[in-house]
Amino acid sequence: MNDVAAYRRTLRLYTLGLVLAVLLTAVSFAVVGLTALNGPGLWWVLYGCGALQVMVHFRCFLHISLARSHRHDLWLLLFSGLIIALMVGGTFWVLLSQMARMGG
470 MNDVAAYRRT
480 LRLYTLGLVL
490 AVLLTAVSFA
500 VVGLTALNGP
510 GLWWVLYGCG
520 ALQVMVHFRC
530 FLHISLARSH
540 RHDLWLLLFS
550 GLIIALMVGG
560 TFWVLLSQMA
570 RMGG
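Listed below in structure tokens is the structure:
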């Protein structure tokens, strides 16, 4: 009976994740497609939907939570994100520096 309850709980979590991911994607497409917002408001809505979708994927599909047993997974993802941000930021820094030196 315990296996059936765990299966149903996991299936419920996957279904919730799918519904939330599709809903957030639809909101993003609708905001852009219907031109409901312009300028910074549009970007804030898109960034917000993207951040929420990342959290939904982490929680529902990757099963990463703030529980004690899953902290090492969360730290690994945060460290990976830091390394990627440093690489992208450093690339932009070098490229903008080179553009400034070339008089562009």
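Going by our numbering, 480 is the number at position 11 of the sequence shown; the sequence numbering is gapless.
The beta carbon of each residue, even a glycine, is placed where N, CA and C say it ideally should be.
Because the structure is a prediction, the values reported are computed rather than measured.
- Task: Inspect the beta-carbon positions of residue 497 and residue 485 and report whether they are closer than 8 Å.
- Result: no
- Would you check if the region 498 to 515 and the region 537 to 544 touch, i.e. whether three or more CB-CB distances between them fall below 8 Å? no
- Taking 8 Å as the threshold, find out whether the region 498 to 505 comes into contact with the region 474 to 483 through three or more Cβ pairs. No: fewer than three Cβ pairs fall under 8 Å.
- Message: Tell me the rounded alpha-carbon separation between residue 562 and residue 492.
- Response: 36 Å
- Which term fits residue 522, buried or exposed, when burial requires 16 or more other beta carbons within 10 angstroms of its beta carbon? Residue 522 should be labelled buried.
- residue 555, DSSP secondary structure in three states: helix
- Item | Sequence-distant residues of the same chain with beta carbon closer than 7 Å to residue 534, five excluded per side | 528
- Message: Rounded to the nearest angstrom, what separates residue 536 and residue 480 at their Cα positions?
- Response: 20 Å
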